[in-house]
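Asker: The following block contains the structure, expressed as structure tokens.
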Amino acid sequence: MTNHAITDLINFKKDNRNDYSLEDNLEQFALTRNITVHKVYSSIILGIFRHNRAKLDAHVDNHHRTATKPLSDVILMKILSELPEREQQLLKYQVYAGQRIKALCTVPLEQIDMTHPKYAVIHILPQQNKTRQDHDCIVPKN
Amino acid sequence: MQTILERSKHLNLQTPFPNYEELWKQITKYVKANYNIRLTSHYLRKRFATIASKTPMDMNQWDYLMGTKKSKGHDASIYNLTILDDLIKDYDTYLVHELFLR
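Line by line, the protein sequences give chains H and C.
Counting with my numbering, you get residues 1 to 142 for the letters of the first sequence.
Counting with my numbering, you get residues 143 to 244 for the letters of the second sequence.
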């Protein structure tokens, strides 16, 4: 985007608040291929300027469309049947629980309540999950 | 869950899957090599939400199960009480059969 040190550009913006050439260049940079990578870099640059009190009047949208295509349960079942037993257990565990994998797999065993006849209740503490929510997950016992 | 717990206790593990990252790497690698699909653990979360959203189960209930803030109603995470017995009952009625891989 530039061969200047970023400090020069920050100082330039502070001295020339009505000059929008930096914003124009940044927005063009954000739309260069590979767009995802360039948008991420652009957001970082925006943040650097903002924290140095030289906020740029530009916006970079970083909410990319998901490329996930749904898998049929037939394929998922076939994959499951071909995996080793331990991997099968892991996959099934998450199929029923819905929580993020890290929280599910690193919860201490004493937080798994097996008193219900059909279901195990997993108590997840706020510090144990990304969204800091105190909550429960339910998984069939068998 | 019973099997996972028994195995963990037998091996003196403190958590259900301490090596989950390695296991998931192997699953992803296997599926990519054999099906040319990039399957990650996050996909199963998306599957859970997609299926749950099509059931009559209350959105706040399955949001809660996923560890997400309850999104329906006025400050639902604060004002919407969670009664575990009702949650299990609704999970059993609406969700578990839909999540089951057939």
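The beta-carbon is built from N, C-alpha and C at its ideal position, and this holds for glycine as well.
(1) Select from H:P70, H:V74, H:K130, H:L9 the residue whose C-alpha is nearest the C-alpha of R180 of chain C.
(2) Mind listing which residues of the region 196–216 of chain C have their C-beta closer than 8 Å to chain H's C-betas, in chain order?
(3) I'd like the ranges of any beta strand (DSSP E) spanning at least 3 consecutive residues and lying wholly in the region 89–128 of chain H.
(4) Just to confirm, are E82 of chain H and Y185 of chain C a CB contact at a threshold of 9 Å?
(5) Going by DSSP, what residues sit across from P140 of chain H in a beta bridge?
(6) Determine the burial state of R33 of chain H: buried for a count of at least 16 other Cβ atoms within 10 Å of its Cβ, exposed for fewer.
(7) Look at the alpha carbon of A67 of chain H and the alpha carbon of M208 of chain C, and state the distance between them as a whole number of angstroms.
(8) Taking M143 of chain C and K141 of chain H to be in contact with their CB atoms under 8 Å, please state how far apart those CB atoms are, rounded to whole angstroms.
(9) Check the Cβ-Cβ distances between R86 of chain H and every residue of chain C, and say whether any is below 9 Å.
(10) Could you tell me the alpha carbon to alpha carbon distance between R17 of chain H and D24 of chain H, rounded to whole angstroms?
(11) Between N65 of chain H and chain C, is any beta-carbon pair separated by less than 9 Å?
(12) In chain H, which residues lie with their C-beta within 7 Å of the C-beta of I230 of chain C?
(13) Do T197 of chain C and Y236 of chain C have their C-beta atoms closer together than 9 Å?
(14) Could you check whether the Cβ of T36 of chain H sits closer than 9 Å to any Cβ belonging to chain C?
(15) Of all Cβ atoms in chain H, is any one closer than 9 Å to the Cβ of I146 of chain C?
(16) Are the C-beta of N62 of chain H and some C-beta of chain C separated by less than 9 Å?
Answerer: With the given structure in hand:
(1) The count along the second sequence starts at 1 and reaches residue 180 of chain C at position 38. Minimum Cα distance to R180 of chain C is reached at H:P70.
(2) W204, Y206, L207, M208, G209, T210, K211
(3) 119–124
(4) Translated into positions along the first sequence, residue 82 of chain H becomes position 82. Translated into positions along the second sequence, residue 185 of chain C becomes position 43. Against a cut-off of 9 Å, the Cβ pair of Y185 of chain C and E82 of chain H comes out as no contact.
(5) Position 140 of the first sequence, counting from 1, holds the residue named residue 140 of chain H. Bridge partners of P140 of chain H: H:Y119.
(6) Sequence index remark: in the first sequence, residue 33 of chain H carries index 33 (1-based). Looking at its Cβ environment, which holds fewer than 16 other Cβ atoms inside 10 Å, R33 of chain H is exposed.
(7) Taking the first residue of the first sequence as position 1, residue 67 of chain H is located at position 67. Taking the first residue of the second sequence as position 1, residue 208 of chain C is located at position 66. Distance between the alpha carbons of A67 of chain H and M208 of chain C: 22 Å.
(8) Within the second sequence, residue 143 of chain C is the residue found at index 1, counting from 1. Within the first sequence, residue 141 of chain H is the residue found at index 141, counting from 1. Right, their Cβ atoms sit about 5 Å apart.
(9) Your numbering for residue 86 of chain H matches position 86 in the first sequence. Yes, because at least one Cβ of chain C sits closer than 9 Å to the Cβ of R86 of chain H.
(10) Translated into positions along the first sequence, residue 17 of chain H becomes position 17. Translated into positions along the first sequence, residue 24 of chain H becomes position 24. Distance between the alpha carbons of R17 of chain H and D24 of chain H is about 14 Å.
(11) As a position in the first sequence, residue 65 of chain H is number 65, starting the count at 1. Strictly speaking, residue 65 of chain H in this sequence is Arg, with Asn absent from that position. No, its Cβ sits nowhere closer than 9 Å to a Cβ of chain C.
(12) For the purposes of this step, residue 230 of chain C is taken as residue 88 along the second sequence, with counting starting at 1. Those within 7 Å of I230 of chain C in chain H are H116, Y119, I138.
(13) Along the second sequence, one-based indexing puts residue 197 of chain C at 55. Along the second sequence, one-based indexing puts residue 236 of chain C at 94. Their beta carbons are under 9 Å apart, which means T197 of chain C touches Y236 of chain C by this criterion.
(14) Locating residue 36 of chain H in the first sequence gives position 36, where the first residue counts as 1. No, no contact with chain C.
(15) In the second sequence, residue 146 of chain C corresponds to position 4, counting from 1. Yes, contact with chain H.
(16) If you number the first sequence from 1, residue 62 of chain H lands on position 62. With 9 Å as the cut-off, N62 of chain H does not count as an interface residue toward chain C.
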